[in-house]
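Structure first, then comments.
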Amino acid sequence: MGKEMRSLRDHWGVFPLSELLDRTTERYGDKPVMRSWTGEGYEEISFPELRDRAHAIARWLLDQGLQRGDRVAVLGENRPEWGTCYLAVQEAGGVAVPVDSLMPGPGIRHIIADSEARFLFVSGKFAPMIEEIAPIATLESKICMDKVDLEGYLLLSNVIEAGAESETELPQRTLDEPAAILYTSGTTGHSKGVLLSQRNIASNFATASRIFSIGPEDVFLSVLPIHHSFEATAGFLLPIYCGCSITYARSLASAEIVADIRNTGVTFMVGVPLLFEKMHQGIMRKAKQQGKDKLIRTMMGVVAAGEKLGLNLGKTLFKGLREKAGLATVRLFASGGGPLDPATAYFFNRLGLRLFQGYGLTETSPVTHINLPWRVRHETVGPPLPEVECRIDEPNEYNIGEICIRGPNVFQGYYKNDEATREVFDDEGWFHTGDLGIIHPDNYLQITGRKKNMLVTGGGKNVYPEEIEHYLNRSPFIAESLVLGVPREKGLGDEVAALIYPDYEQVDLHFEELGQKPSEEDVRALIKQEINEALKNLADYKRIRFFRVVEEEFQKTSTRKIKRYLYNPEMVRVNGGTV
C-alpha cells in the first residue's frame with residue numbers, strides 16, 4: 001500500500017469496543033475527547049471523564065440484571081451522551097441498538113420491539129414520541145439523557161451517580177461477540193437488523209486509521225446522524241481510537257457549521273454527497289454575488305494544469321478563499337453513503353482540501369473501499385481496505401457485475417432472519433451486496449448501478465421501492481404502483497418517483513357519489529391525496545417527489561411480477577405531477 005501508510009495497528013491493535021475507553025484514556029490522558037455547544041460556549045469532556053461516565057452506566061446496567069448479549073436501544077441526536085451510552089452498553093456486555101431519530105413512531109417501535117431491547121436511552125427531545133407508541137413488552141427501563149422530569153423515566157445523571165457507587169466488575173468481551181444491531185430499510189415494509197460483531201466494527205476503524213494520518217491533533221465534526229453506520233464508525237469510534245476530539249455540530253445550518261469549524265479548529269469531517277454538493281454550490285453562489293466566480297474558475301484551470309506536473313497549487317492560490325469560507329483548518333473530507341459527483345470532488349481538492357470518496361454498506365461495518373490519499377481517482381471509490389476482499393460476480397461483456405465482499409468487517413447475519421441471511425451469502429462466505437460495479441486493473445472499484453431495484457438518494461439514503469409500493473397499494477384508489485428513481489437534475493443520486501395505475505372502477509364510484517364527472521386533473525388530485533396519506537408515516541427521504549398516472553396496467557411476467565426494466569424513470573416527468 002506504499003510507505004505512506006501509517007501502520008498504527010502494528011502496536012495498537014484490534015480489540016473489543018469494551019476496552020476502547022480504558023486504552024485510550026491510558027494513552028491520551030486528560031485530553032478533551034468531546035465538545036458540544038451549550039448556547040453560551042463549548043462544554044468539553046476529557047477521556048477520563050468519558051471513561052468514568054461510561055463505566056458508571058455499565059455498572060448500573062449490570063446491577064439492573066443486564067445479561068451478556070441483552071439488547072439496549074439508544075435514541076437521540078448527535079451529542080456526547082449518545083456515545084457515552086453506546087460505549088457503556090459495550091462495557092456491560094450488551095448489544096447496542098442505535099435507533100434512527102428521524103423515523104416516525106411506528107418505525108421506532110418496530111426496531112425496539114424486534115430487537116427485544118430491555119433498556120432504552122433516549123434524549124428528552126424524542127421521549128414524547130416514545131410515549132405515543134404502543135407499549136413494548138420487553139422494555140423494562142427508559143432513561144432520559146436530559147435533566148427533565150418525565151413520568152416513567154429515570155434520569156441519566158442519576159444512573160451515573162448510582163453506577164459510580166457500584167463495585168460490580170465489568171465483563172471481559174471477545175472479538176466475536178455481537179456489538180450492535182443496526183436496522184436498515186427492508187423491501188416488504190419492515191427494516192432488517194444487521195448484526196455486527198466487535199471484530200466487524202473494530203477492524204473497520206482500525207484499518208481506516210492505517211490509511212489516513214489521523215492523530216490526537218485532529219478535530220472531527222460530527223454532522224451525519226450518529227445512528228448511521230458511517231458516522232458511528234468513521235465519525236465517532238475512529239476519532240476516539242486515534243485520540244482525536246469530536247465537535248458535535250449544533251445544527252445543520254450552514255452558518256453554524258462554519259462557526260463550529262472555525263471555533264474548534266475542525267480538521268476532518270465525514271459526510272454524504274449532498275452535504276458536499278451544497279457546500280460547493282454555496283461557495284460558488286457567494287463568489288458569483290461578489291463577481292469573483294469567473295476568477296475562481298480561471299484559477300481552478302491553473303491548478304488543474306499544475307496537477308499534471310505533480311504540483312498542488314490550490315493550497316496556496318485558494319488560501320484566502322478557504323479562510324473566508326470557514327475551512328482554513330480543514331484538511332480531510334470523507335464522502336460515503338451514495339455516489340459523489342466527481343466535479344464536487346475535483347473542486348474541493350483543487351481548493352486545497354482533500355475530499356475522498358469511499359464505498360460500503362451497513363452490512364460491512366460499513367467501509368470496504370476508500371480512495372488512497374496518495375492516489376485518488378474520483379470516478380471510483382478506491383481499492384478495498386487491507387484484509388478486505390472484493391470480486392465481481394457474473395460479470396457481463398463489459399466486466400460489470402454484482403459486487404461481492406469478504407473480510408473481517410462483514411456482518412454476522414440479519415437478526416432473527418436466517419432466510420434473508422442465506423439470500424446474501426454464498427457457500428464460500430462472500431457477501432453479495434446487490435450493487436453493480438467494475439474492478440479496474442489497478443484494483444480500484446467503480447460503482448455502475450444497483451442490482452434489482454434499490455435507489456440511493458442524493459443524501460445517501462437507501463430506498464427500496466417495494467416498501468413504498470406496499471403502502472401505496474393499500475389505497476382503494478390505487479390498483480398498482482411502480483416506484484422508480486428519477487436522476488436528480490443537479491448532482492448524483494435519485495429522487496423517488498412513481499407510476500400509478502388507478503383502480504378506475506373505485507375512482508369512478510368515488511366521483512359518482514360526489515355527483516361529479518372527473519377530469520384528468522381531478523383523478524391526479526385524488527391520487528396525490530392518496531399518496532400523501534399512504535406515506536405519511538414513512539421517513540421524509542422515502543416520500544414520492546414526482547408521480548404520473550398511467551391508463552394501462554403494468555406488463556408482468558407469468559408470476560405476476562412487473563417487468564420493471566420496461567419502464568424508464570423519465571416517463572414520470574412526462575405529464576407527471578409533484579407531490
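What the sequence shown shows, in this note's numbering, is residues 1 to 579, in sequence order. By construction, the Cβ of each residue, glycine as well, lies at the ideal position given by its N, Cα and C atoms. All figures in this text were calculated on a predicted structure; none of them were measured in a lab.
Segment contact: the segment 292-308 against the segment 228-244, fewer than three CB-CB distances shorter than 8 Å; contact not assigned. In this structure, residue 208 lies away from residue 405, with their beta-carbon atoms at least 9 Å apart.
If you ignore the 5 residues before and after residue 28, its C-beta comes within less than 7 Å of the C-beta of 47, 216, 243, all in its own chain and listed in chain order. Ranked by Cα distance from residue 542, the options 471, 478, 366 are led by 471. Within the model, the alpha-carbon separation for residue 141 versus residue 565 is close to 49 Å. Apart from the 5 residues on each side of it in sequence, residue 329 sits with its Cβ closer than 8 Å to the Cβ of 219, 261, 262, 265, 266, 267 in its chain, given in chain order. In this structure, residue 230 and residue 224 form a Cβ contact; the two beta carbons are roughly 6 Å apart against a cut-off of 8 Å. Residue environment analysis places residue 254 among the exposed positions, since fewer than 16 neighbouring C-beta atoms fall within 10 angstroms of its C-beta.
DSSP places residue 301 in the uninterrupted alpha helix (DSSP H) bounded by 293-307. Distance from residue 88 to residue 57 at the Cβ level is roughly 4 Å; contact confirmed, criterion being Cβ atoms closer than 8 Å. Going by beta carbons, residue 111 and residue 122 fall outside the 9 Å limit. Contact between residue 236 and residue 276 fails: their C-beta atoms lie close to 20 Å from each other, not under 8 Å. With fewer than 16 other Cβ atoms inside 10 Å of its own Cβ, residue 295 counts as exposed.
Here residue 59 has 163, 166, 168 as same chain residues with Cβ atoms under 6 Å from its own Cβ, once five neighbours each way along the sequence are excluded.
The continuous stretches of alpha helix (DSSP H) do not include residue 540, and DSSP gives it neither H nor E. A residue is called buried once 16 or more other Cβ atoms fall within 10 Å of its Cβ, and residue 435 is buried on that count. By the criterion of at least three beta-carbon pairs nearer than 8 Å, the segment 463-478 is in contact with the segment 518-533. Between residue 14 and the set 485, 173, 402, 417, the nearest pair of CA atoms involves 173. Taking the Cα positions, residue 344 is about 7 Å away from residue 280. With 16 or more other Cβ atoms inside 10 Å of its own Cβ, residue 535 counts as buried.
When 518, 211, 447 are compared, the shortest CA-CA separation from residue 508 is found for 518. When DSSP reads this structure, residue 96 sits in a beta bridge with 72, 180. The Cβ atoms of residue 446 and residue 459 do not sit closer than 9 Å to each other. Take the alpha-carbon of residue 205 and the one of residue 531: they are about 41 Å apart. One alpha carbon belongs to residue 563, the other to residue 394, and they sit about 21 Å apart. The segment 121-148 contains, as complete beta strand (DSSP E) runs of 3+ residues, the segments 141-144 (chain order). Judged by DSSP in its simplified three-state form, residue 251 adopts coil rather than helix or strand.
Here residue 461 is buried, its C-beta having at least 16 other C-beta atoms within 10 Å.
With a beta-carbon spacing of about 6 Å, residue 554 and residue 501 fall inside the 8 Å limit used to define contacts. Within the segment 492-556, the complete alpha helix (DSSP H) runs of at least 4 residues fall at 504-513, 520-534. DSSP places residue 280 inside the alpha helix (DSSP H), whose first and last residues are 273-289. Contact between residue 457 and residue 494 holds: their C-beta atoms lie close to 6 Å from each other, under 8 Å.
The alpha carbon of residue 74 has as its nearest neighbour, out of 49, 115, 41, the alpha carbon of 115.
In the three-state reduction of the DSSP assignment, residue 388 falls in the coil class, being assigned neither a helical nor a strand state.
Between the alpha carbons of residue 430 and residue 401 lies a gap of roughly 14 Å. Relative to residue 350, the option among 213, 451, 319 whose CA is nearest is 319.
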